[in-house]
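Q:
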Amino acid sequence: MKKYMLDLKVTENRNLHASYCLLKLTSDKTLPDMFPGQFVQVLVNNMPTTFLRRPISINYIDKNTNELWLLIKKIGDGTQAIANHQPGDYVNLLLPLGNSFTLPATQEKKHLLIGGGVGTAPMLFMGAYLRESGFEPTFLLGARSKKDLMQLDVFQRFGTLYTTTEDGSHGETGFVINHSILTNNTFDRIYTCGPKPMMMAIAKYAAGRGISCEVSLENTMACGIGACLCCVENTTNGHTCVCTEGPVFNINKLTWQI
Amino acid sequence: MANLKVNIGSLELKNPVMTASGTFGYGSEYADFMDINRLGGIFVKGTTIEHREGNPYPRMAETPSGMLNAVGLQNKGANYFIEKIYPEIKDYNTHMIVNVSGSSIESYVECAEKISGLEKIPAIELNISCPNVKKGGMAFGVSCSGAAEVVRAVRKVYSKILIVKLSPNVTDIAEIAKAVEYEGADSVSLINTLLGMAINVETRKPILSTITGGLSGPCVKPVALRMVWQTYKAVKIPIIGLGGISNWKDAVEFILAGATAIQVGTYNFIDPTVSIKIINGLNEYCDKFGFKSVSELTGNLAITK
Ligand SMILES: Cc1cc2nc3c(=O)[nH]c(=O)nc-3n(C[C@H](O)[C@H](O)[C@H](O)COP(=O)(O)OP(=O)(O)OC[C@H]3O[C@@H](n4cnc5c(N)ncnc54)[C@H](O)[C@@H]3O)c2cc1C
Ligand SMILES: Cc1cc2nc3c(=O)[nH]c(=O)nc-3n(C[C@H](O)[C@H](O)[C@H](O)COP(=O)(O)O)c2cc1C
Ligand code: FES
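Protein chains in written order, with the numbering used here: chain A, 8 to 265; chain B, 208 to 512.
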């Protein structure tokens, strides 16, 4: 896929939470095609502590308004600076980067999309894409507490939603891997993004039941375009760039000890 | 429009702006963003005789105005390069230069010999300065005798343009440059990365799997510039300057300090089109200050004696 460097204009910056915001960006021209699982490299402000670009998943593409959505969790100077953008500001992005989730075969009907923390970001775009392709996805989102669950209303538009919270304030109490739908239901495919221990637990669950499972990795990156070899993950093919061969990997390609 | 052509020995470059090994892949990674044929040259990834997996992840740490890397020369080996990559890159309308690395004199020689058979590769850059491999690499580049020994052995089997890439992790880089000039190097490129380190205070663990790694980016520029200047005063062969270049002003500084040509490394990650901006900026600078040719700038530092 052709990659672009674009200056996109901020149309909205919605504070969802003390540490989360939703940034919407647009262009005068129609945005290039992008697929769920792909990411962008955001140029921050070139200050000393935010020298490199920051990789951020594509949260959603609103074709009607020609908007790209980014869900940002503020964890350091870079994400904080991105979250400070005001409507009218321009943000420089490289996009679209990386591979994407595999769209299921038509006979596979039951898809479970599991997101934890800011890892819910690419699950929204994937859910919307599945819905558009005629599927009815199931979402399972996990967070510490009710206030840490983002965009629930939007997820509900595209499929059935389940949640877990560690303090029991929304959905079932505990971690996503303990949710009852995993024992009461069967699925043809699982897609997941979130903290590595969560993805490993899900990979183990999927591998044990022979369910095809794709995970989206968040290895630290420098270039984001396959030039520096900094972002490698160990796979069955040796060290593989997460920014070009990933971020989405089928669990049978990874060498995780699960 | 100034004349931007420069020469590295008998090799003519259409302009002095090239891209640094390990930061520009094999060129195609950047082709969506810019016309890579406008470059003076492209230094491809470090290539070794054997397939190397490189160091374990994590291999990168961001630093103030720069980054540390510990990639460790991951590459699929010289044969793979010759069979799979060379056919893809040989017809680019710019010079493709292979960065040859090794772990012993024999492995440098064997790799250089293999690459010398490739018609469309006019030059190699001998990497005797990689801080990220246990054996070889920088071990050769930090002593005059070690550097001389590798260059002498490679010079015997490699008759095209031989560029030697120097390590900044030495007390006197000019001495090393003199030693490799004496052994018949056509040019020296400097600097490779500076040995550095970063620690995560929350976990008390080093960030890189190898504990130490190579520092690059704008933070190293003053050091690199000083080394180019010192080397310029010591040798007659052309110098290729690099280390932290991020705009045309930086490039002009390196050329004034004595470089004939420059390479852009880490900054390609921030702005994949930066090298084109530098080419345009050099041209405008020459026009503005009345230089007909960019080569007039080399070492043209105004110093009052
Ligand atoms: C493919 C991909 C997609 C991503 N998608 C999103 C997204 O949609 N939304 C979002 O908010 N973030 C996303 N991230 C993570 C985001 O890139 C980082 O949070 C960001 O780079 C941190 O920059 P900072 O300057 O805010 O923090 P820094 O100051 O750089 O880091 C703060 C702390 O977090 C740690 N850290 C930083 N980056 C990572 C990482 N990648 N993995 C593990 N630890 C890390 C640092 O070691 C440090 O301790 C994604 C990352 C990748 C690779
Ligand atoms: C990720 C990365 C990989 C590198 N790989 C190589 C390499 O394979 N061979 C080499 O000679 N130099 C390598 N270098 C060093 C650069 O070519 C260059 O000498 C150094 O980064 C300084 O220039 P800069 O500050 O413009 O990046 C690498 C640098 C980086 C950042
Ligand atoms: S981040 Fe540079 S190769 Fe992946």
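C-beta atoms are modelled at their ideal positions from N, C-alpha and C, and glycine is treated no differently.
For the segment 213–232 of chain A, list every residue whose C-beta sits within 8 Å of some C-beta in chain B, in sequence order.
A: Cβ contacts with chain B come from Asn226, Thr227, Met228, Ala229, Cys230, Gly231 and Ile232.
Q: Whole angstroms are fine: how far does the CA of A/Ala229 sit from the CA of A/Cys235?
A: On the first sequence, position 228 is the one that residue 235 of chain A refers to. On the first sequence, position 222 is the one that residue 229 of chain A refers to. Approximately 7 Å, taken between the alpha carbons.
Q: Report the start-end ranges of each alpha helix (DSSP H) in the segment 54–115 of chain A that is 4 residues or longer and not cut off at the edges.
A: Fully enclosed alpha helix (DSSP H) runs of 4 or longer: 84–90.
Q: To which residues of the same chain is A/Leu224 closer than 7 Å at the C-beta, ignoring the five residues directly before and after it?
A: Position 217 of the first sequence, counted from the first residue, corresponds to residue 224 of chain A. So the qualifying residues of the chain are Glu240, Val249, Gly253, Pro254 and Phe256.
Q: Would you tell me roughly how many angstroms separate the C-alpha atoms of B/Lys443 and A/Ala88, rounded to the nearest one?
A: For the purposes of this step, residue 443 of chain B is identified with residue 236 of the second sequence, where counting begins at 1. For the purposes of this step, residue 88 of chain A is identified with residue 81 of the first sequence, where counting begins at 1. One C-alpha to the other measures close to 48 Å.
Q: In chain B, which residues lie less than 8 Å from A/Glu240 when you measure between Cβ atoms?
A: Within the first sequence, residue 240 of chain A is the residue found at index 233, counting from 1. Residues of chain B passing the Cβ test: Tyr264.
Q: Which residue comes first and which comes last in the beta strand (DSSP E) that contains A/Gly149?
A: Here residue 149 of chain A corresponds to residue number 142 of the first sequence, with the count starting at 1. Its beta strand (DSSP E) spans residues Thr145 to Ala150.
Q: So if DSSP puts A/Glu173 in a beta bridge, which residue, or which two residues, is it bridged to?
A: Position 166 of the first sequence, counting from 1, holds the residue named residue 173 of chain A. Answer by DSSP bridge pairing: none, since A/Glu173 is not bridged.
Q: Under 8 Å between C-beta atoms, does B/Val278 make it to chain A?
A: Translated into the one-based positions of the second sequence, residue 278 of chain B becomes position 71. With 8 Å as the cut-off, B/Val278 counts as an interface residue toward chain A.
Q: Using a beta-carbon distance below 8 Å, is B/Gly403 in contact with chain D?
A: In the structure shown, chain D cannot be found, because the protein chains are A and B.
Q: Is the beta carbon of B/Leu397 sitting closer than 8 Å to the one on B/Val435?
A: Translated into positions along the second sequence, residue 397 of chain B becomes position 190. Translated into positions along the second sequence, residue 435 of chain B becomes position 228. Yes.
Q: Just to confirm the assignment: which complete alpha helix (DSSP H) runs, minimum length 4, are found wholly within the segment 247–328 of chain B?
A: The qualifying runs are 293–296 and 312–323.
Q: Under the three-state reduction of DSSP, which class applies to A/Val51: helix, strand or coil?
A: As a working note, residue 51 of chain A is residue 44 in the first sequence. A/Val51 falls in the coil class under three-state DSSP.
Q: Between B/Leu489 and B/Ala277, how many whole angstroms is the CB-CB distance? I'm expecting something under 8 Å.
A: Start at 1 with the first residue of the second sequence, and residue 489 of chain B comes out as number 282. Start at 1 with the first residue of the second sequence, and residue 277 of chain B comes out as number 70. With a Cβ gap of about 33 Å, B/Leu489 and B/Ala277 do not count as contacting.
Q: From this set, B/Asn286, B/Phe231 and B/Met267, which residue's C-alpha is nearest B/Ile406's C-alpha?
A: Your numbering for residue 406 of chain B matches position 199 in the second sequence. Here the closest residue by C-alpha is B/Met267.
Q: How long is the line joining the alpha carbons of B/Ile249 and B/Lys212, rounded to whole angstroms?
A: What you label residue 249 of chain B is simply residue 42 of the second sequence in a count that begins at 1. What you label residue 212 of chain B is simply residue 5 of the second sequence in a count that begins at 1. Whole-angstrom Cα-Cα distance: 16 Å.
Q: Please work out which residues of its chain come closer than 6 Å, Cβ to Cβ, to B/Val427, disregarding the five sequence neighbours upstream and downstream, and give them in chain order.
A: Your numbering for residue 427 of chain B matches position 220 in the second sequence. Only Leu401, Gly450 and Gly451 meet the Cβ criterion.
Q: Using the beta-carbon count (16 or more within 10 Å), is B/Val408 buried or exposed?
A: By 1-based counting over the second sequence, the position of residue 408 of chain B is 201. The residue in question, B/Val408, is exposed, as its Cβ has fewer than 16 Cβ neighbours within 10 Å.
Q: Does the distance from the C-beta atom of A/Met41 to that of A/Ile65 stay below 8 Å?
A: Within the first sequence, residue 41 of chain A is the residue found at index 34, counting from 1. Within the first sequence, residue 65 of chain A is the residue found at index 58, counting from 1. Contact flag set, yes.
Q: Any idea what DSSP makes of B/Asp478, helix, strand or coil?
A: Residue numbering aside, residue 478 of chain B sits at position 271 when the second sequence is read from its first letter. DSSP places B/Asp478 in coil when its eight states are reduced to three.
Q: For A/Lys10, return the contacting residues in chain B, with the cut-off set at a CB-CB distance below 8 Å.
A: For the purposes of this step, residue 10 of chain A is identified with residue 3 of the first sequence, where counting begins at 1. The contacting residues are Asp239 and Phe240.
Q: Does ligand 2 have a heavy atom nearer than 7 Å to the CB of B/Ala227?
A: Walking along the second sequence from the start, residue 227 of chain B turns up at place 20. Yes, since a heavy atom of ligand 2 falls inside the 7 Å radius drawn around the Cβ of B/Ala227.
Q: Among A/Leu30, A/Asn192 and A/Phe162, which residue has its Cα nearest to the Cα of A/Val49?
A: Against the first sequence, residue 49 of chain A aligns to sequence position 42. The option with the nearest alpha carbon to A/Val49 is A/Leu30.
Q: Nearest to B/Ala285 by alpha carbon, out of B/Lys499, B/Ile510 and B/Cys318?
A: Mapped onto the second sequence, residue 285 of chain B falls at position 78. Of the candidates B/Lys499, B/Ile510 and B/Cys318, the one whose C-alpha sits nearest the C-alpha of B/Ala285 is B/Cys318.
Q: Quick one: residues in its chain with C-beta nearer than 6 Å to the C-beta of B/Pro479, no 5 flanking neighbours on either side, listed in chain order?
A: Walking along the second sequence from the start, residue 479 of chain B turns up at place 272. If we look at B/Pro479 and ignore the five residues flanking it on each side, its Cβ neighbours are Tyr237 and Phe240.
Q: At which residues does the beta strand (DSSP E) containing A/Thr243 begin and terminate?
A: Along the first sequence, one-based indexing puts residue 243 of chain A at 236. No beta strand (DSSP E) contains A/Thr243, which DSSP labels as neither H nor E.
Q: Count Cβ pairs between the segment 184–203 of chain A and the segment 111–129 of chain A that sit closer than 8 Å; are there 3 or more?
A: Cβ pair count under 8 Å is three or more, so yes.
Q: According to DSSP, is B/Asn334 part of a helix, a strand, or is it coil?
A: Locating residue 334 of chain B in the second sequence gives position 127, where the first residue counts as 1. The answer is strand: DSSP assigns B/Asn334 an E or B state.
Q: Could you run through the segment 467–482 of chain B and flag, in chain order, every residue whose CB is less than 9 Å away from some CB of chain A?
A: Listed by position along the chain: Thr473, Asn475, Phe476, Ile477, Asp478, Pro479 and Thr480.
Q: Between the alpha carbons of A/Phe58 and B/Asp393, how many angstroms are there, rounded?
A: Numbered from 1 along the first sequence, position 51 holds the residue referred to as residue 58 of chain A. Numbered from 1 along the second sequence, position 186 holds the residue referred to as residue 393 of chain B. Rounded to whole angstroms, A/Phe58 to B/Asp393 spans 35 Å at the Cα level.
Q: For B/Met225 versus B/Gly261, is the C-beta spacing smaller than 8 Å?
A: If you number the second sequence from 1, residue 225 of chain B lands on position 18. If you number the second sequence from 1, residue 261 of chain B lands on position 54. Not closer than 8 Å, so no.
Q: Could you work out which residues of chain B lie near A/Gly105, taking near to mean beta carbons separated by less than 9 Å?
A: Position 98 of the first sequence holds residue 105 of chain A. None at all; the shortest Cβ gap to chain B is about 13 Å.
Q: Compute the Euclidean distance between the alpha carbons of B/Arg362 and B/Glu332, then round it to the nearest angstrom.
A: Taking the second sequence and counting its residues from 1, one reaches residue 362 of chain B at position 155. Taking the second sequence and counting its residues from 1, one reaches residue 332 of chain B at position 125. When rounded, the distance between both Cα atoms is 12 Å.
Q: Is any beta-carbon of chain A found at less than 8 Å from that of B/Pro429?
A: Here residue 429 of chain B refers to the residue found at position 222 of the second sequence. Not an interface residue.
Q: Using the C-alpha atoms, what's the distance from B/Pro263 back to B/Thr410?
A: Mapped onto the second sequence, residue 410 of chain B falls at position 203. Mapped onto the second sequence, residue 263 of chain B falls at position 56. Each residue's Cα considered, the two are about 18 Å apart.
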